[in-house]
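The block underneath contains the structure these notes are about, expressed in structure tokens.
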Amino acid sequence: MNLAGIRIGAVITQNKDLLHVVKNTSMYTAVPAIVQKAATKLLNDAVWMDEVFLPIHQQRLCEAAHKTRSTLASLGVEVRPAQAGFFLWADFRRFLPTLNHDGELALFKHFMARKVYVTPGSEMRCADPGWFRIVFSAAPHILEEGLSRIADTLKEFNITKQDL
């Protein structure tokens, strides 16, 4: 069971300014009582959470991360080692026409033309151009399609780059 599409969350903070904003806007983002009840029931089932939900999802995330790393490695893209999270930092510097933010933007535009969104490092305040953040926590068929589009983009972009 999952609650796909149902958005529920919590804010735990000691930041008084953030707490003030959350309190003032929470009336516009109330979670329906039936959703609260379903979420409470799921989260209170410690056995199910510990023995079913978390192990299955951890395994799926590990498989997706491995698939992403191995596919990128086969394309000549290095990936930073990660300890946790739903994304990987990938080094596309060798594919840039120029090793600067303009080169990063050019590659990003090629990704977008192929309808695959990978976040340019500059959007994440990365100081070195050419790094991209790739989220791997998608359904397997979506991840496979995204990785295929990345591969196609790099092949196409490499040809374009040589023509520059």
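With the first letter of the sequence shown counted as 1, position 41 gets the number 41 in the UniProt record's numbering; the numbers rise by one all the way through. Here a beta-carbon is modelled for each residue, glycine too, at the ideal position from N, C-alpha and C. For clarity, every value in this text was computed on a predicted model and none was experimentally measured.
For this session: Compare the C-alpha of Ala39 against each of Asn24, Gly9, Lys23 and name the closest.
Result: One-based indexing of the sequence shown puts residue 39 at position 39. Cα-wise, what sits closest to Ala39 is Gly9.
Exercise. Helix, strand or coil: which one does DSSP assign to Ile34?
Worked result: Position 34 of the sequence shown, counted from the start, is the residue given in the question as residue 34. If DSSP states are grouped into helix, strand and coil, Ile34 belongs with the helices.
Problem set entry | Residues near Lys115 in its chain [Cβ-Cβ closer than 8 Å; skip 5 each side] | Taking the sequence shown and counting its residues from 1, one reaches residue 115 at position 115. Apart from the 5 residues on each side of it in sequence, Lys115 sits with its Cβ closer than 8 Å to the Cβ of Arg149 in its chain, given in chain order.
Exercise. Based on Cα-Cα distance, which residue from Tyr28, Arg94, Pro140, Asp152 lies nearest to Ala113?
Worked result: Locating residue 113 in the sequence shown gives position 113, where the first residue counts as 1. Asp152 is the residue among Tyr28, Arg94, Pro140, Asp152 whose C-alpha sits nearest the C-alpha of Ala113.
Exercise. Thr71 and Phe136: beta carbons closer than 7 Å?
Worked result: Here the question's residue 71 lines up with position 71 in the sequence shown. Here the question's residue 136 lines up with position 136 in the sequence shown. In this structure, Phe136 does not lie closer than 7 Å to Thr71 by Cβ.
Exercise. DSSP three-state call for Met1: helix, strand or coil?
Worked result: Position 1 of the sequence shown holds residue 1. Note that Met1 scores a pLDDT of 49, beneath 50, so its modelled location is shaky and nothing firm can be said.
For this session: Inspect the beta-carbon positions of Leu88 and Val79 and report whether they are closer than 7 Å.
Result: Counted from its first residue, the sequence shown places residue 88 at position 88. Counted from its first residue, the sequence shown places residue 79 at position 79. Judged by their CB atoms, Leu88 and Val79 are nearer to each other than the 7 Å cut-off.
Exercise. Would you report the Cα separation of Met124 and Glu104, rounded to the nearest angstrom?
Worked result: Within the sequence shown, the letter at position 124 stands for residue 124. Within the sequence shown, the letter at position 104 stands for residue 104. Taking the straight line joining both Cα atoms gives about 13 Å.
Problem set entry | Contacting residues, own chain, Cβ-Cβ under 8 Å from Ala64 (five flanking each side not counted) | Within the sequence shown, residue 64 is the residue found at index 64, counting from 1. Answer for Ala64: Phe136, Ser137, Ala138, Pro140, Leu143, listed in chain order.
Exercise. If you check the beta carbons only, do Leu154 and Leu96 fall under 7 Å apart?
Worked result: As a working note, residue 154 is residue 154 in the sequence shown. As a working note, residue 96 is residue 96 in the sequence shown. No, the Cβ-Cβ distance between Leu154 and Leu96 is not below 7 Å.
Problem set entry | Distance between beta carbons of Ala90 and Ile134, contact taken as under 8 Å | By one-based count along the sequence shown, residue 134 stands at place 134. By one-based count along the sequence shown, residue 90 stands at place 90. Confirmed, about 5 Å.
For this session: Go ahead and label Gly85 buried or exposed: buried means 16 or more other beta carbons lie within 10 angstroms of its beta carbon, across all protein chains shown.
Result: Translated into the one-based positions of the sequence shown, residue 85 becomes position 85. Exposed, because fewer than 16 other Cβ atoms sit within 10 Å of the Cβ of Gly85.
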